[in-house]
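Scroll down for the structure; my scribbles are underneath it.
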Amino acid sequence: MQVVKPGKILINNEWCEAQSGKRFDVINPATEQKITDVAEGDSADVDRAVKAARQAFEKGPWKTMSARERGRILNRVALLLDKHKEEFAELETLNNGKPIHETRNADLPLSIETFEYYAGLADKIHGDTIPVNGNFFNYTLREPAGVVGQIIPWNFPLLMAAWKLGPALATGCTVILKPAEQTPLTALKLGEILVEAGLPAGVVNIVPGFGPTAGAAIVSHPEVDKVAFTGSTEVGKIVMQLAGSNLKRVSMELGGKAPNIVFADSDIDAAVNGAMRGIFFNQGEVCCAGSRLFLEEKIHDDFLSKLKSRVEKMVVGNPLDPKTQMGAQVSEEQFRKILGYVEKGKKEGATVITGGVPAQPKGYFVKPTILEGVNNNMTVAREEIFGPVVCAIPFKNHENLVHQANDTVYGLSAGIWTRDIGKAHRLAKEIKAGTIWVNCYNCFDAASPFGGFKQSGFGRELGKYALELYTQVKSVWVSLD
Ligand code: NAP
Ligand code: MG
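Those letters in the sequence shown? Residues 361 to 841, by my numbering.
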């Protein structure tokens, strides 16, 4: 097994222990064994990190550097990440449990392209000139939001760090990043690359630790100007309250309960693939997972029997084996939570047609699971399971479908499978969600925005939209008299 060195906190481009001296263990979810341990940051470390970020924002070379030079540094980050992509892929798989096939083909390329994309955008951020009434010259400046706190989850540890850091750095902000307690390793390794790429001291500070201590300290710190959060809706609500203390700007990327909708007129084999990709990618630990599979009544039985036979052939197991299609859930807590939802589903009347049990005696593996006979009011259709459990829900007609698809507190994404292009576009407008995939699922690109409607959050990450999160507009009036 890969030997992973103990992790430290990154402040001012220096690696340090927590002031308390505490450390916490990082576990490999596929073996239940300790990988290494990491310094446990808390409010004292966060305070030092915020001071470093403030100093770097107000006085450091980051502020005076040209936007193009910032872009060059981001580009070096992308190149270094590319150079070390195999080490990152293995480390991510070791820590998170996701299959190496996915870290190599999704997490790493998407992380690299995110830095490339924002490297290219850095020198294209500018204001407007506005033709106001009277004898004035009015223009806007687009200035960085300031010191930014970024809190990320464990499901895409490196990729979420890239989504957060890319736009924040392109705009000239400085950052305190807290990775999730379960998966701090790739974010810390990314810290090494940021330093090597030439990022000035204090621009990115990385404080591993726990949510209620390190996370809450970032969110309530009076010197933090903006918080970007990805995680559960439940914690998102706490974060918003804490951030209210000094009216920090916040952006939220929260949970989902996406409808993945299959019409009888779709290419059924493609839709079966899409249903699999929708729910089993990353063991279902995906905020935009297609967890509610709406099937038009007349194809319901056929579709499920095709899906079931495909699912039963899936290779579940050692995440480091390139043939593995589904790895381990991230933690024992998550593993138990998922199995608990399956039991709840059964109690409320759903039938497990495949899976629903652990896949191996050791490690947090859950068999890919299909629940049949789910209705949209059951707990399994309303709450985010965050695991490889798809809930099949039959539908009769368009109206009945739209009502059910939107009958959720979430609104992150949706999938639509049909050959009728008019129907696809109509539905794309009717569904209340931030991303709609037509005849595809779980597609991402650094250039295309991602984010939620309703309790799935607000603000858009990726693309030029993310620049809104990290900049503020200043209007300058000059009298021409
Ligand atoms: P979470 O508890 O919402 O954690 C997300 C991040 O917030 C982590 O870094 C977490 O720290 C931090 N945090 C927790 N409490 C905080 C507080 N009081 N103040 C500031 N930060 C705080 O999510 P999770 O524990 O990783 O997973 C729980 C559930 O969240 C999952 O079952 C799933 O439903 C959902 N989830 C959603 C997404 C998404 O992308 N939408 C991603 C992952 C999880 P810790 O690391 O110490 O928890
Ligand atoms: Mg947590």
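Cβ coordinates follow ideal geometry from the N, Cα and C atoms, glycine included.
>> Can you list, in chain order, the residues of its chain with a C-beta nearer than 6 Å to that of isoleucine 621? Leave out the 5 residues immediately preceding and following it.
In response: The count along the sequence shown starts at 1 and reaches residue 621 at position 261. If we look at isoleucine 621 and ignore the five residues flanking it on each side, its Cβ neighbours are Phe654 and Ile776.
> Under a Cβ-count criterion, where at least 16 other Cβ atoms within 10 Å of its own Cβ denotes burial, should glycine 381 be classed as buried or exposed?
Replying inline: Within the sequence shown, residue 381 is the residue found at index 21, counting from 1. Answer is exposed; the Cβ neighbour count stays below 16.
> Which residue from Phe448, Ile485, Leu454 and Gly480 puts its Cα closest to that of proline 469?
Replying inline: In the sequence shown, counting from the first residue as 1, residue 469 sits at position 109. Closest by alpha carbon: Phe448.
> Is any heavy atom of the ligand MG found at a distance shorter than 6 Å from the C-beta of glycine 562?
Replying inline: In the sequence shown, counting from the first residue as 1, residue 562 sits at position 202. No, Cβ of glycine 562 sits at least 6 Å from all heavy atoms of the ligand MG.
> Any chance the CB of asparagine 515 is under 6 Å from a heavy atom of the ligand NAP?
Replying inline: If you number the sequence shown from 1, residue 515 lands on position 155. True, at least one ligand heavy atom lies under 6 Å from that Cβ.
>> Let me make sure I understand the geometry here. Which of Pro366, Glu708, Ala741 and Leu822 has the alpha-carbon closest to that of aspartate 767?
In response: Counting from 1 along the sequence shown, the entry for residue 767 is found at position 407. Nearest C-alpha to aspartate 767: Ala741.
>> For the ligand MG, is there any heavy atom lying closer than 6 Å to the beta carbon of glycine 401?
In response: Locating residue 401 in the sequence shown gives position 41, where the first residue counts as 1. Checking the Cβ of glycine 401 against the ligand MG gives no.
>> Using a 10 Å radius around the Cβ and a threshold of 16 neighbouring Cβ atoms, would you call threonine 684 buried or exposed?
In response: Counting from one through the sequence shown, the residue named residue 684 turns up at place 324. Threonine 684 comes out buried.
>> I'd like the span of the alpha helix (DSSP H) that includes tryptophan 523, first residue to last.
In response: For the purposes of this step, residue 523 is identified with residue 163 of the sequence shown, where counting begins at 1. Here the alpha helix (DSSP H) through tryptophan 523 covers 517-531.
>> Below 6 Å, is the gap between the Cβ of alanine 576 and the nearest heavy atom of the ligand NAP?
In response: Looking up residue 576 in the sequence shown gives position 216. The answer is yes for alanine 576.
>> So the candidates are Thr831, Lys834, Trp837 and Ala826; which of them puts its Cα closest to the Cα of alanine 522?
In response: For the purposes of this step, residue 522 is taken as residue 162 along the sequence shown, with counting starting at 1. With distances taken between Cα atoms, alanine 522 lies closest to Ala826.
> Leaving out five residues before and five after valine 702 in sequence, what residues of the same chain have Cβ atoms less than 7 Å from its Cβ?
Replying inline: Residue 702 sits at position 342 when you count from the first residue of the sequence shown. Val712, Gly716, Thr729 and Val749.
> Measuring CB to CB, does glutamate 708 end up less than 7 Å from methionine 686?
Replying inline: Your numbering for residue 708 matches position 348 in the sequence shown. Your numbering for residue 686 matches position 326 in the sequence shown. Taking 7 Å as the Cβ cut-off, glutamate 708 and methionine 686 do not qualify as a contacting pair.
> Buried or exposed: where does phenylalanine 810 fall if 16 or more other Cβ atoms within 10 Å of its Cβ makes it buried?
Replying inline: For the purposes of this step, residue 810 is taken as residue 450 along the sequence shown, with counting starting at 1. It counts as buried.
>> Pairs of beta-carbons, one from the region 446-464 and one from the region 491-510, closer than 8 Å: are there three or more?
In response: no
> What is the DSSP secondary structure of tyrosine 830, reduced to helix, strand or coil?
Replying inline: The residue given as residue 830 occupies position 470 in the sequence shown. Looking at tyrosine 830 - three-state DSSP - the assignment turns out to be helix.
>> Between which two residues does the beta strand (DSSP E) holding serine 773 run?
In response: Indexing the sequence shown from 1 puts residue 773 at position 413. Taken as a continuous stretch (DSSP letters only), the beta strand (DSSP E) holding serine 773 covers 773-777.
>> Distance check for glutamate 656 and serine 835, CA to CA, integer angstroms please.
In response: Start at 1 with the first residue of the sequence shown, and residue 835 comes out as number 475. Start at 1 with the first residue of the sequence shown, and residue 656 comes out as number 296. Whole-angstrom Cα-Cα distance: 53 Å.
>> Measuring CB atoms only, is the region 523-542 touching the region 475-484, in the sense that at least three cross pairs come out at less than 8 Å?
In response: yes
> Helix, strand or coil: how does DSSP classify serine 605 here?
Replying inline: Here residue 605 refers to the residue found at position 245 of the sequence shown. Looking at serine 605 - three-state DSSP - the assignment turns out to be helix.
> What are the boundary residues of the alpha helix (DSSP H) that aspartate 661 is part of?
Replying inline: The residue you call residue 661 lines up with position 301 of the sequence shown. Residues 660-671.
>> Please list the terminal residues of the continuous alpha helix (DSSP H) segment that includes proline 421.
In response: Looking up residue 421 in the sequence shown gives position 61. Counting along the chain, the alpha helix (DSSP H) containing proline 421 begins and ends at 421-424.
>> Would you say the beta carbon of glycine 571 is closer than 6 Å to some non-hydrogen atom of the ligand MG?
In response: Numbered from 1 along the sequence shown, position 211 holds the residue referred to as residue 571. Yes.
> Hey, how far is the Cα of valine 726 from the Cα of lysine 423?
Replying inline: To locate residue 726, count along the sequence shown from 1; it is residue 366. To locate residue 423, count along the sequence shown from 1; it is residue 63. Distance between the alpha carbons of valine 726 and lysine 423: 49 Å.
>> Is alanine 540 a contact residue of the ligand NAP, with contact defined as CB to any heavy atom under 6 Å?
In response: Sequence index remark: in the sequence shown, residue 540 carries index 180 (1-based). True, at least one ligand heavy atom lies under 6 Å from that Cβ.
> For the ligand NAP, is there a heavy atom less than 6 Å away from the beta-carbon of leucine 370?
Replying inline: Here residue 370 refers to the residue found at position 10 of the sequence shown. Checking every heavy atom of the ligand NAP against the Cβ of leucine 370, none is found closer than 6 Å.
>> Which residue wins for smallest C-alpha separation from asparagine 388, given the options Gly747, Lys538, Thr543 and Leu370?
In response: Here the question's residue 388 lines up with position 28 in the sequence shown. It is Thr543 whose Cα lies nearest to the Cα of asparagine 388.
>> I need the DSSP call for alanine 752, collapsed to helix, strand or coil.
In response: Counting from 1 along the sequence shown, the entry for residue 752 is found at position 392. Note: alanine 752 maps to strand in three-state DSSP.
>> Please state whether the Cβ-Cβ distance between alanine 788 and isoleucine 796 is less than 7 Å.
In response: For this step, residue 788 is matched to residue 428 along the sequence shown. For this step, residue 796 is matched to residue 436 along the sequence shown. Yes; because the gap between Cβ atoms is below 7 Å, this pair is in contact.
> Once you ignore the five residues that flank aspartate 841 on each side, which residues in its own chain have a CB closer than 8 Å to its CB?
Replying inline: As a position in the sequence shown, residue 841 is number 481, starting the count at 1. Cβ neighbours of aspartate 841 beyond the five flanking positions: Asn495.
>> For a test of the three-state rule: what should DSSP assign to threonine 684, helix, strand or coil?
In response: Counted from its first residue, the sequence shown places residue 684 at position 324. Threonine 684: coil per DSSP, three-state reduction.
> Can you tell which of Val410, Glu392, Pro421 and Ile369 has the C-alpha that lies nearest to the C-alpha of valine 398?
Replying inline: Residue 398 sits at position 38 when you count from the first residue of the sequence shown. Looking at the Cα atoms, Ile369 is the closest of the given residues.
>> Considering Cα atoms alone, identify which of Pro619, Lys597 and Gly506 is closest to valine 564.
In response: As a working mapping, residue 564 is identified with position 204 in the sequence shown. The option with the nearest alpha carbon to valine 564 is Gly506.
> What do you get for glutamine 393, buried or exposed, if any count of 16 or more other CB atoms within 10 angstroms of its CB means buried?
Replying inline: Within the sequence shown, the letter at position 33 stands for residue 393. So glutamine 393 ends up on the exposed side.
> So is methionine 638 buried or exposed if we call it buried at 16+ other beta carbons inside 10 Å?
Replying inline: Start at 1 with the first residue of the sequence shown, and residue 638 comes out as number 278. Note on identity: in this sequence residue 638 is glycine, with methionine being the wrong assignment. The residue is buried, with at least 16 neighbouring Cβ atoms inside 10 Å.
>> Let me check one thing: in DSSP terms, what residues is tryptophan 837 bridge-paired to?
In response: Translated into the one-based positions of the sequence shown, residue 837 becomes position 477. DSSP, once it has assigned bridges, lists Asn498 as partnering tryptophan 837.
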